[in-house]
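Colleague: I have a structure I would like to understand better, so I am pasting it below and will then ask my questions one at a time.
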Amino acid sequence: MEGKSNFKEKNQNIYNAQDNFYYVIENAPGLGILKSLGIVENAKIFKLMTHRLGGPVLLKVESSEIAIGKDIAEQIVVRG
């Protein structure tokens, strides 16, 4: 997978973060479903894309691709 770390931008939410970059999760809601998907603090994730018009964010976490709704994605703080 071709992706880069985005060191230009510091802490931001994953919804507004640039596509096709690796990020490290700084803070995430303590929802059990997110934890079971690997969305936990200090986890390395790859943001594939954000769907248009308020759609979900597509992430790659380890070997899984998952979609996170906008409302939750805006609460996940990442650093590049």
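Letter 41 of the sequence shown, counting from 1, is numbered 1304 in the working numbering, and no numbers are missing. Cβ coordinates follow ideal geometry from the N, Cα and C atoms, glycine included.
Scan the segment 1271-1329 and note each continuous beta strand (DSSP E) run of 3 residues or more that stays entirely inside, going in chain order.
Modeller: List check, beta strand (DSSP E) in window: 1284-1290, 1307-1313 and 1320-1324.
Colleague: Given a cut-off of 8 Å, decide if Ala-1330 and Pro-1319 are closer than it, judged by their beta-carbon atoms.
Modeller: Yes. Within cutoff.
Colleague: Would a C-beta distance cut-off of 8 Å place Arg-1342 and Asn-1274 closer than the cut-off?
Modeller: Yes, they are a contact pair.
Colleague: Between the C-alpha atoms of Asn-1279 and Lys-1333, what's the straight-line distance to the nearest angstrom?
Modeller: Spanning the two alpha carbons is a distance of roughly 10 Å.
Colleague: Are Leu-1244 and Val-1324 close, meaning C-beta to C-beta below 8 Å?
Modeller: An answer regarding residue 1244 cannot be provided, because it is not within the stretch 1264 to 1343 covered by the chain.
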